[in-house]
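Report on one structure; see the data block that follows.
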Amino acid sequence: MGKAISKNLELSTNEYCVRFVGTEPISKNDPFWNRFLAYNLIPPTSLNDQLSLETRIEPLLQALVKNNPTSGNFSTLIQIFLERSTELLSSTSTQANLFNWQLYNILFLIRCVLKFFTEILREDDLMKHIEFKGSGNTMEAFIGALVGIIVDVPIEDSTYLIHLESATCLLICLSIQYHSGGRSDQSIMYRLMMKGKHVIHAPILVKRLMTNFIDQQKMPPGFSGGDGNSMVLNLASNIWSVLTFNKKSNEEISDSDEYSYQEAPLATQSLLLLLVLVHHWTTLSNPYRNSLFTCLDSQDTNPVPPSNVASLFKIDFNLLYLALCKKAAGDAATLLLYLLLHRNHSFKSYILVRSDLDLLIVPILKSLYNAPNSNSHHIYMSLIILLILSEDDSFNETIHDLKLKNVPWYVERALTDISLGGLLIIIVIRTVQYNMLKMRDKYLHTNCLAALANMSAHFRNLHPYVSQRLVSLFETLAKKYNRLMLRLKTDNSQKDNKVTVELDQESDDVEQDVSVLEEVLRMVLEILNSCLSTQLGNNPNLIYTMLYNKSMFESFKDNVVFQDIIHNIDIILKYFSQLLHDKSLEHEVDAHQVLLIIQQGVRGWPKERLTKFPDLKFKYVEEDQPEDFFIPYIWALIGQQSILHWVTDSSPSIVVV
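So the sequence shown is numbered by my numbering: it starts at 0 and just counts up by one.
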C-alpha cells in the first residue's frame with residue numbers, strides 16, 4: 000500500500016473497472032461489488048495527488064458517462080451506499096473497521112464519478128444518471144444519507160474518512176451551480192439541499208460543521224504519512240492498490256492552504272461546506288444560514304428568548320473564538336468571522352467584551368501587512384471586519400488599553416510597547432498607501448478611512464511612530480494633490496491655446512483623480528480633527544508631530560474645500576506654537592522640553608474655541624446582491640483549499656509524480 004503511483008500503471012485495463020463502466024447492468028446483489036470495492040487507498044491530500052488520480056481515471060469516466068444510461072451502474076452504486084449507510088450506526092465494534100473501510104471506498108468512488116459528471120453534464124442530465132429507472136428520490140436520499148452521517152456518526156479513527164468524504168460529496172453536489180453558472184434558487188440540487196426531509200437537521204449540521212472546524216482534528220494515523228500503514232491492514236485485494244500516493248514532508252509544502260488541508264482535512268472541508276451552504280439560496284429561506292445567524296453561546300446560562308425559532312442551537316463561543324484566532328489569517332476563517340460579526344448579534348457582543356482581542360486582531364493586521372501576498376478579496380474582508388468592530392465604542396477604547404511588547408513581523412522598524420490600537424492605525428494607513436501605489440481602489444480607501452474615523456475619537460496615547468505615520472499619510476496625499484492641481488492648471492492653460500480631444504480626456508482623468516484625493520484628504524483631516532477635539536490631552540506625541548509639520552497644514556487654510564475642517568487644526572497649532580515661542584524666549588527648548596510644554600499647555604487649553612463637528616460614525620452596509628462577490632470567491636477558495644481541482648479554461652496542467 001505504501002508504493003508511489005507509477006506513470007506506467009493503467010486502471011483502464013483493470014477488469015473490475017472496465018466492467019463497472021461498461022454497458023452491462025450489474026445487480027446490487029452481484030458478488031462483483033464486494034471485489035470491486037475491496038481496494039485499499041491512502042486518499043489524495045494534495046492538489047498534485049488529486050490531479051494524478053484524475054488523469055488515471057478520466058478514460059474510465061468517459062466510458063461511464065457514455066454507458067451509464069444503459070447500465071445504470073452508477074445509480075446502483077449509490078443504492079448500495081444508501082443500504083450500507085443505514086447499517087453504519089448499528090455496526091458492532093468488531094465489525095466497525097472492516098465495515099467502515101468498505102463504506103469509505105464506496106463514498107470515494109461516488110465522489111470521483113460525481114466530480115467528473117458535475118463538470119461535464121447539465122444538471123438535468125446528471126439527475127438522469129442518478130435517478131436511473133428509479134422513483135425519482137435517489138438524489139434526495141443520497142443527500143439525506145450524507146447529512147445523516149455528518150450529524151449522527153461519531154468521529155473516530157475508523158469513521159474520520161467517511162466524514163471527510165461525506166462533506167466532500169456534498170461540496171461536489173453543490174458545485175453544480177458553479178459549473179453551470181446558473182442561479183442556486185433555480186437548481187434541483189439546491190432545492191433538495193434546502194427543502195429535503197433532512198432539513199430538520201439543519202441546525203445540528205451547522206453545529207457539527209462548526210465543531211469540526213473548532214476541533215481541527217488531524218487525519219488518523221496511517222492516512223497522513225507515507226509509511227503504508229492502515230487501520231485495515233491485510234484486507235485489501237490490491238485491485239486498486241495503484242491508487243496510493245507519495246507523501247511530501249512538511250518542509251516541501253509551500254502552500255499554506257494546501258498545508259491546512261493536509262493537517263486537518265475534515266476541518267477545512269467542513270468550513271468550506273458551511274460557507275457554501277450559507278452563501279447560496281440567500282433570496283429564499285435558507286435553514287443553514289438562519290441557524291448560523293441565530294446560534295448562541297453554550298456557556299451562557301441566560302434563558303433562551305421565546306421568540307427564537309427552531310433553527311437555534313448552542314455552541315461554545317470561547318472555543319469558536321480561539322479557533323478563529325488561530326486561523327484568522329486564512330480566507331475561509333475570515334469569511335466565517337465576517338458572517339458571525341455581521342449577522343450574529345450574540346457572537347459579536349461576545350467578542351466585544353473579551354479582554355484578549357489581540358489574539359484575533361494581530362493575525363488580521365499581519366495579513367494586511369502582507370497585502371502583496373494576499374488576494375484582494377481577503378484584504379477587503381479583513382478591512383470590513385475591522386470596520387464592523389470599529390462601530391463599537393468599547394472596542395475602540397479597549398484596543399488602546401492592550402499593550403503589545405513587540406511585533407516581530409513588522410520589519411520597517413522595531414515596535415516595542417505599542418498599543419493594539421496604535422498597531423491597527425499603522426497597518427490601516429499602510430494599506431491606504433499600498434492601495435494608492437498598486438490597487439487604486441476607491442472602495443478600499445473608503446473602508447480604511449471609515450474604520451479610522453470610527454476610532455478617531457478614542458485615539459489615546461498614540462506612540463510617536465503612530466503619530467508620524469498618521470501625519471505622513473496626510474503629507475503624502477497633500478503632495479500628490481498639489482502635483483495634480485499644478486498639472487490641472489497647466490492642462491487648462493494649454494486648452495486655452497490649443498484644444499485637442501486627447502488633452503480633454505487627460506484633463507478629465509486628472510479632474511477625477513483630484514476629486515477622489517479631495518475626499519480622502521478631507522477624511523484624513525476630519526480624523527485628525529476628531530482626535531484632537533476629543534483626546535487632545537491624551538495625545539502629546541501627535542501634537543508634537545503636527546507642530547513639526549505645521550507648514551504643510553497651513554498651506555491648505557485658503558483652500559475652500561478644506562477651510563472649515565482645517566480651522567480647528569489651525570487654532571490648535573497656533574496655540575501650542577505660541578507656547579513654544581514664549582518658552583524659547585526664556586531658554587533653549589529641546590525635544591523633551593517640547594513634549595513637557597505641550598503636556599502643560601493642554602491644561603490651559605480653551606476647548607470652547609473649537610468649532611463643533613458631528614461625530615464621525617460609519618456603519619458597514621452589505622452591498623446589493625452580495626452573492627456576486629461571495630459565491631465566485633468561495634468556489635475559488637474550494638479549488639485552492641480542498642484540493643478539489645475544478646476543470647476550467649485556466650486549470651493548471653497535470654503533474655504526474
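Virtual Cβ for every residue (Gly too), placed ideally from N, Cα, C.
Among the options, which residue has its Cα nearest to the Cα of residue i?
i    : options                : result
M380 : D391, L364, D392       : L364
I398 : N374, L423, Y409       : L423
D623 : T282, K206, P43        : T282
V410 : K313, P605, L386, N369 : N369
F346 : N372, H377, K313, S366 : K313
Y632 : L386, L419, E585, I378 : I378
D508 : F31, N567, R486, I571  : R486
V20  : S51, I109, P42         : I109
M193 : L276, L520, L163, A166 : L276
T544 : I571, V560, F561       : I571
D400 : V406, L385, R412, D416 : D416
M17  : K488, T44, N39, N66    : It is Val, not Met, that sits at residue 17 in the sequence shown. Considering only alpha carbons, the answer is N66.
N372 : F394, G133, Y433       : Y433
W408 : S366, S297, E396, M435 : S366
A76  : D29, T44, Q49, Q61     : Per the sequence presented here, residue 76 reads as Leu, with Ala not at that position. Comparing Cα positions, the closest option is D29.
Y15  : F80, F35, P24          : F35
L594 : K573, L584, P605, N538 : N538
G221 : L451, Y464, H444, W100 : W100
Which stretch, first to last residue, makes up the alpha helix (DSSP H) that contains residue i?
i    : result
L443 : 441 to 455
S366 : 357 to 368
S179 : 175 to 179
K549 : 549 to 553
L403 : That residue, L403, is in no alpha helix (DSSP H); its beta strand (DSSP E) goes 402 to 405.
T610 : Premise fails: T610 is in no alpha helix (DSSP H) and is neither H nor E.
T75  : 72 to 86
I199 : Here I199 belongs to no alpha helix (DSSP H), and DSSP marks it neither H nor E.
P219 : Run containing P219: none; DSSP gives neither H nor E here.
Y619 : Run containing Y619: none; DSSP gives neither H nor E here.
A327 : Counting along the chain, A327 falls outside any alpha helix (DSSP H), and DSSP gives it neither H nor E.
Y632 : 626 to 640
I568 : 562 to 585
Q599 : 590 to 602
Here's a check: name, in chain order, each residue in its chain whose Cβ is nearer than 6 Å to the Cβ of residue i, leaving out the five neighbours to either side.
i    : result
C530 : S455, F458
P153 : none
V198 : P286
L414 : V406
Y159 : P219
S532 : L609
L242 : With a pLDDT of 45 at L242, under the threshold of 50, the modelled position of this residue cannot be trusted, and the question is left open.
L469 : none
What are the residues that DSSP puts in a beta bridge with residue i?
i    : result
K313 : L295
S345 : Paired residues: none, contrary to the question.
Taking 7 Å as the cut-off, is the C-beta of residue i nearer than that to any heavy atom in the ligand COA?
i    : result
Q176 : This structure lacks the ligand COA, and indeed carries no ligand of any kind.
Ignore the nearest five residues each way along the sequence and tell me which others in residue i's own chain have a CB closer than 7 Å to its CB.
i    : result
I383 : Y337, N446, Y619
F131 : G71, S74
S11  : P58, L59
G195 : E139, I142, G143
N237 : For N237, the pLDDT reaches just 39, beneath the cut-off of 50, and the residue's location in the model is therefore unreliable, leaving the point undetermined.
I187 : E122, M126
Indicate whether at least one CB of chain B lies closer than 8 Å to the CB of residue i.
i    : result
V277 : This model lacks chain B altogether, as it is built from one protein chain only.
Just checking my contact of residue i with residue j at CB under 8 Å: how many whole Å lie between their CB atoms?
i    : j    : result
Q215 : A263 : 4 Å
S70  : E122 : No, S70 and E122 are not in contact; Cβ-Cβ is about 21 Å, not under 8 Å.
A322 : I161 : The pair is not a contact, with the Cβ atoms about 23 Å apart (cut-off 8 Å).
E390 : N453 : 6 Å
L472 : V523 : 6 Å
T293 : L311 : 5 Å
I596 : L578 : 6 Å
L63  : R83  : That pair is no contact at about 21 Å.
Q466 : N567 : At residue 466 the sequence reads Ser, which differs from the Gln that was named. Not quite, the Cβ-Cβ distance comes to about 18 Å (not below 8 Å), so this is no contact.
L173 : M138 : The pair is not a contact, with the Cβ atoms about 12 Å apart (cut-off 8 Å).
A327 : P362 : 4 Å
Just reading off the beta strand (DSSP E) that residue i is part of, what are its end residues?
i    : result
S418 : 415 to 418
Given residue i, which residues of its chain have a CB within under 8 Å of its CB, disregarding the five upstream and five downstream residues?
i    : result
D569 : F552, E553, K556
Y480 : V513, L516, E517, L520
I171 : R110, L113, K114, T117, L643
Q61  : none
G600 : Y574, F575, L578
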